[in-house]
Ligand SMILES: O=P(O)(O)OC[C@H]1O[C@@H](O)[C@H](O)[C@@H](O)[C@@H]1O
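Residue numbers (the working numbering): 223 to 701.
In structure tokens, the structure reads:
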């Protein structure tokens, strides 16, 4: 049956596991994008989510015709998928949008890159074709993230009747970084996105970067007042009529009731009791990230080391709980970053640790229950990405904190726009300023900490996933 609401994202709401006896079991997929969208789509029972088969078990499920209602997985051949996901999405677009290049050596756009780009185009094409097949007349199609930047343009050609949006969960590159991409590739990327009726971002900083970048390729941004929720970009592609695309901002927030319920499950209570035993009566500085270069974990650890050096009164009185769970380990740059995080934590422990005090406790497992327990316990949360689409950890911690938590937040997080007044804000590259902010956060009087936490929680819950999704659907229907 044709669908009226469709979502397209690389990751789906579930993935499969293949048992030794050959049976396939569906498991809920991971990650912030998936949790936000799953919560929102639970209220849209008719919606269809199109995603890629990510593993051999997923591909096996597609081949056997095993599927769940509301989900269609695309079996993309592994070489094409690798070029699109590891090659272009994670090694080129992720690095461009997060400004992560090591400029003397990277980026290098050579023949291998061109092959990967072809794979990326083929992967986007598979999504566009599947969406065109599944969408009912005039349906709303909500395409997610940098993996699928070419889909809106291609889908519009296939099905001009559809209403199409694209939402970017990452930052958008500044025109300087976008300008590093080869001209023809940059044009394909922008024209792909401009095929949408509405292009959405978490914060105006990224939306403005998009509008500024769109000028490069003959599309002009007609900017409204800065506080506007939406702006238009008018554009004309050679041989086509002029169209306009709305650029809009939807800052994803947290569902308070759901998160609190999750954070008070017996499993989390048990983990909290165990953490309390480990931390004792010391203060806890908590961070939770994927081991991802943009999260800036190394400079966070350096700041903690500087705190212990510049303010020795904290030695033995504070513990840094860092959950840094592995991510994208197929890529060497991620493996070596994970290793560097472990090594620096060990060095800090060797340098400052005593018989009864381990300064840093690193957990490299993806253990959401433990992260929630750490959220509840935290006296200080450290969220210092160099550049981050939103960063939901900065929003989740104030919502579940048991006794109030001071937030050290970098200007690079999308959440900075909404949380800056009650956070202690830092330049993510400034290790000394981060160390001083940690000191100020640890020293904050309990009453002030609690008041700030309440205001942070109110800002964090302003646009929970369901409202976030519905607002986009409404905008699309009006567009
Ligand atoms: O590569 P993965 O593990 O699927 O992660 C992708 C997701 O990673 C998240 O951190 C980003 O916020 C999303 O924008 C992105 O889609």
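Here a beta-carbon is modelled for each residue, glycine too, at the ideal position from N, C-alpha and C.
{"Check": "Between the CA atoms of residue 420 and residue 700 - distance to the nearest angstrom", "Outcome": "10 Å"}
{"Check": "According to DSSP, residues forming a beta bridge with residue 523", "Outcome": "In the DSSP output, where bridge partners are listed per residue, residue 523 has none listed."}
{"Check": "Cβ-based neighbour list, residue 543, same chain, cut-off 6 Å, excluding 5 preceding and 5 following", "Outcome": "506, 508, 583, 596"}
{"Check": "Residue 549 beta carbon near ligand 3 (any heavy atom closer than 7 Å)", "Outcome": "Looking for ligand 3 in the displayed structure turns up nothing; the ligands present are ligand 1."}
{"Check": "Residue 375, enclosing alpha helix (DSSP H) - first and last residue", "Outcome": "373 to 380"}
{"Check": "For residue 353 and residue 230, believed in contact at Cβ under 8 Å, the rounded distance", "Outcome": "6 Å"}
{"Check": "Residue span of the alpha helix (DSSP H) that contains residue 504, given as start and end", "Outcome": "It is not in any alpha helix (DSSP H) - residue 504 carries neither H nor E in the DSSP assignment."}
{"Check": "Stretch pair the segment 296 to 312 + the segment 321 to 329: three plus CB contacts closer than 8 Å", "Outcome": "no"}
{"Check": "Cβ-Cβ separation, residue 422 to residue 350 (assumed contact under 8 Å), whole Å", "Outcome": "Not a contact, Cβ separation roughly 19 Å."}
{"Check": "Proximal residues to residue 254 (C-beta, below 6 Å), its chain only, five neighbours per side dropped", "Outcome": "614"}
{"Check": "Separation of residue 516 from residue 753, as counted between CA atoms", "Outcome": "In the structure displayed, the chain extends from 223 to 701; residue 753 sits before or after that span and is not available."}
{"Check": "Check: residue 474 C-beta below 7 Å from any heavy atom of ligand 1", "Outcome": "no"}
{"Check": "Residue 296: CB within 7 Å of a non-hydrogen atom of ligand 1", "Outcome": "no"}
{"Check": "Neighbour flag for residue 667 against chain D, beta carbons, 8 Å", "Outcome": "Reference to chain D is not applicable here, since this structure consists of a single protein chain."}
{"Check": "Beta-carbon gap between residue 648 and residue 632 smaller than 8 Å", "Outcome": "yes"}
{"Check": "Classification of residue 630 by the beta-carbon crowding that lies within 10 angstroms, buried from 16 upward", "Outcome": "buried"}
{"Check": "Cβ contact check for the segment 226 to 246 and the segment 276 to 283: 3 or more pairs under 8 Å", "Outcome": "yes"}
{"Check": "Cβ contact (3+ pairs, closer than 8 Å) linking the segment 410 to 417 and the segment 366 to 378", "Outcome": "yes"}
{"Check": "CB of residue 412 within 8 Å of CB of residue 232, strictly", "Outcome": "no"}
{"Check": "DSSP-derived helix/strand/coil call for residue 394", "Outcome": "coil"}
{"Check": "Residue 320: CB within 7 Å of a non-hydrogen atom of ligand 1", "Outcome": "no"}
{"Check": "Which of helix, strand or coil DSSP assigns to residue 573", "Outcome": "helix"}
{"Check": "Residue 332, buried or exposed, once every other Cβ within 10 Å from all chains shown has been counted against 16", "Outcome": "exposed"}
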